Amino acid sequence: HRLSHTPCLPTKVSSCRVCYKNLDIKYGQYSCSYEDCSYTVHSKCATHEKVWDGRDLEWEPEESDQTEDIAPFKKVGGDLIEHFCHQ
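For the numbering used here, add 1 to where a residue sits in the sequence shown, where the first one is 1.
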């Protein structure tokens, strides 16, 4: 999920999903905007070079949550199959 900067959290105590330290509600953090997702991280952790590649995706369309179902093999005739690792 895409993360958005939030100036402050409600009083609910949670921990950063990168460093696992408690989030201080007085400071901003990044969190997922989906209702059923509780992913939150410190601003410093979310923007660290080992976590974020520096690309701003604000105006880019959200990727679909739907995954493409790809078969591990295809039938090539009779009882023969071609497994994806045969290629």
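Ideal Cβ positions, reconstructed from N, Cα and C, are used throughout, including at glycine. Here the structure is a predicted model, which is why all the values come from computation and not from measurement.
* Asked: Between S15 and L4, which are expected to be in contact by the criterion C-beta below 8 angstroms, what is the C-beta distance as a whole number of angstroms?
  -> Rounded to whole angstroms, the Cβ separation of S15 and L4 is 14 angstroms, and the two are not in contact under 8 angstroms.
* For S15, which of helix, strand or coil comes out of DSSP? -> coil
* Comparing alpha-carbon positions, which option in D80, S44 and K51 lies nearest Y31? -> S44
* To do: Taking all protein chains shown into account, decide if V42 is buried (16 or more other Cβ within 10 angstroms of its Cβ) or exposed.
  => buried
* How long is the line joining the alpha carbons of R56 and I26, rounded to whole angstroms? -> 26 angstroms
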